[in-house]
Every structure is written in C-alpha cells, then in structure tokens.
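*Asks:*
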Amino acid sequence: KSYYLVYADMSQSIDDIFYADGCPEMVFNVGIDFLRNNEIEPWAKVIGQIVDPLKIQARGKGLSFGIWFQPHGLALLSKIPQVEFQNQSLPAEEFLTTALLDSIGNLLLDNRISQLIALLNGYFEKLASEKSQKKGLQLLQFATAELMKPSSSISLNSLADRSNVSSRYLQKLFLEKVGLRPKQLQRIARFQKGLSHVSIFGDRPSTSATYQAGYFDQS
Numbered sequence: 055k056s057y058y059l060v061y062a063d064m065s066q067s068i069d070d071i072f073y074a075d076g077c078p079e080m081v082f083n084v085g086i087d088f089l090r091n092n093e094i095e096p097w098a099k100v101i102g103q104i105v106d107p108l109k110i111q112a113r114g115k116g117l118s119f120g121i122w123f124q125p126h127g128l129a130l131l132s133k134i135p136q137v138e139f140q141n142q143s144l145p146a147e148e149f150l151t152t153a154l155l156d157s158i159g160n161l162l163l164d165n166r167i168s169q170l171i172a173l174l175n176g177y178f179e180k181l182a183s184e185k186s187q188k189k190g191l192q193l194l195q196f197a198t199a200e201l202m203k204p205s206s207s208i209s210l211n212s213l214a215d216r217s218n219v220s221s222r223y224l225q226k227l228f229l230e231k232v233g234l235r236p237k238q239l240q241r242i243a244r245f246q247k248g249l250s251h252v253s254i255f256g257d258r259p260s261t262s263a264t265y266q267a268g269y270f271d272q273s
C-alpha cells in the first residue's frame, strides 16, 4: 500500500498506542528500540492484523522504515493462515531470507532509501506475478476495496455474489489471506474514518462525524 520513513530523536522513552487499521506491517529500525510489555522487539519485525489497541514504547535516535501492506499483502510472504498473526509481532526472518534482510539493513545504514524501495518493489512485484497467486490476489483486491470504501454497508452475501464465490469460501479466504473476517475489516474501516475525523476536529466525535462514519449512534 505504501512505504513510510521516520527520523526520530527520542532521548526519553515515548509511549504510543496503535489502533486497528486493517493493514499488516513490516518495520525496520536503525538506532530506535520499540518495546512491547517492556521487552525490546527485533530490529526487523512483522506486525499482524491488530484487533486490540496496541501499546508500544519507543526510544533512541535513528530511523524507522516501514511497509504498510494492503489487507491481504502479507499473505504473499507466508503460507501460514494470517489469522494466526493477529496482534502478533514476529521477527522478519520468518518471512524474508537472510540475504534480503542483510541488504535491507545495509541500505538503511547508508541511508540509501531510493535503492531500498527499488529493491523491495522488485521483490514484491515478482511474488505477485506468480501464477499461483494471481487468482486469489484479484479476488481479494476487489473484495477488500469494496469493504474499505467509506461507510461501506455491503453484506457478505452480496460481496460473495459479486466475487462469484460462496460466502463460506470468502470467509475462509479472508481468515487465511487477510487475517480478519470480512465484517471485521468493514468495521475497522468505519472506525478509522471516525478516528480520522476525531484527530482533525477534536477529542469528542460530533454527531455528524458519527453518522458520516456509518454509525447509528455515538455510543
């Protein structure tokens, strides 16, 4: 979905909370430590689908480079059902080769971000072009896009019909490749729309923001 790059100088530990957004991530840190439950996480890690608020501490001076995947993107890197990665932070070596991780680390240390992005683009494009991936990717690209539309209210049955598959198959595919049920992803998209409004207009969501995000009442 996108890459992001953060340069930070945190002489004191900073607390933060991450909320569900429907998109798994891969993060590489140089000079920055991220801690969960007071334990330092690997410099290169994969974060599965978040379904509960995730509390993190960060400290140090350096950079953090991240890959923000489409909801189904991480499935390109692992045949393990994505639902097993919910709320998990795992070492990236479980998903990438040692050689690729070494290249990523060296490019980050040298601050060669353009070369890093070119390397990753080529790697992901090759994975996505494999014949075994194409059919499932096309279906998931369509289905996740429909569910993540602002204020989407499409039903599972309608989505399955439009995808030319059964509802049962679609549920199974989402748990395996996305790590969420279709309705969960739809609720997360709605929550993110409301959260975005709150972050712009203040701590208390207005009634209009509630309805714009697709909720029926403020509670």
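Start counting the sequence shown at 55; every next residue gets the next number (my numbering).
For every residue, glycine included, the Cβ atom is placed at its ideal position computed from N, Cα and C.
Can you say whether LYS133 is buried or exposed, counting buried as having 16 or more other CB atoms within 10 angstroms of its CB?
*Replies:* Classification for LYS133: exposed.
*Asks:* Using a Cβ-Cβ cut-off of 8 Å (strictly less than) and excluding sequence neighbours within five positions of GLY85, which residues of its own chain qualify?
*Replies:* Hits under 8 Å: GLY114, LYS115, GLY116 and LEU117.
*Asks:* Does the distance from the C-beta atom of LEU144 to that of VAL100 stay below 7 Å?
*Replies:* Against a cut-off of 7 Å, the Cβ pair of VAL100 and LEU144 comes out as a contact.
*Asks:* What does a CB cutoff of less than 6 Å around GLU79 pick up in its chain, not counting 5 residues either side in sequence?
*Replies:* These residues qualify, in order along the chain: ILE101, GLY120 and TRP122.
*Asks:* Go to TYR177, then tell me how far its alpha helix (DSSP H) extends in each direction, as first and last residue.
*Replies:* Run containing TYR177: 167 to 182, per the alpha helix (DSSP H) assignment.
*Asks:* Would you kindly work out how many angstroms separate the C-alpha atoms of SER81 and ALA98, rounded to a whole number?
*Replies:* The amino acid at residue 81 is misidentified as Ser; the sequence shows Val. Going from the Cα of VAL81 to the Cα of ALA98 covers about 6 Å.
*Asks:* Could you compute how far the alpha carbon of LEU227 sits from the alpha carbon of GLN66?
*Replies:* Approximately 43 Å, taken between the alpha carbons.
*Asks:* Less than 7 Å separating the beta-carbons of GLU200 and LEU181?
*Replies:* No. Outside cutoff.
*Asks:* Would LEU170 be called buried (16 or more neighbouring beta carbons within 10 Å of its own) or exposed?
*Replies:* By the neighbour-count rule (16 or more Cβ atoms within 10 Å), LEU170 is buried.
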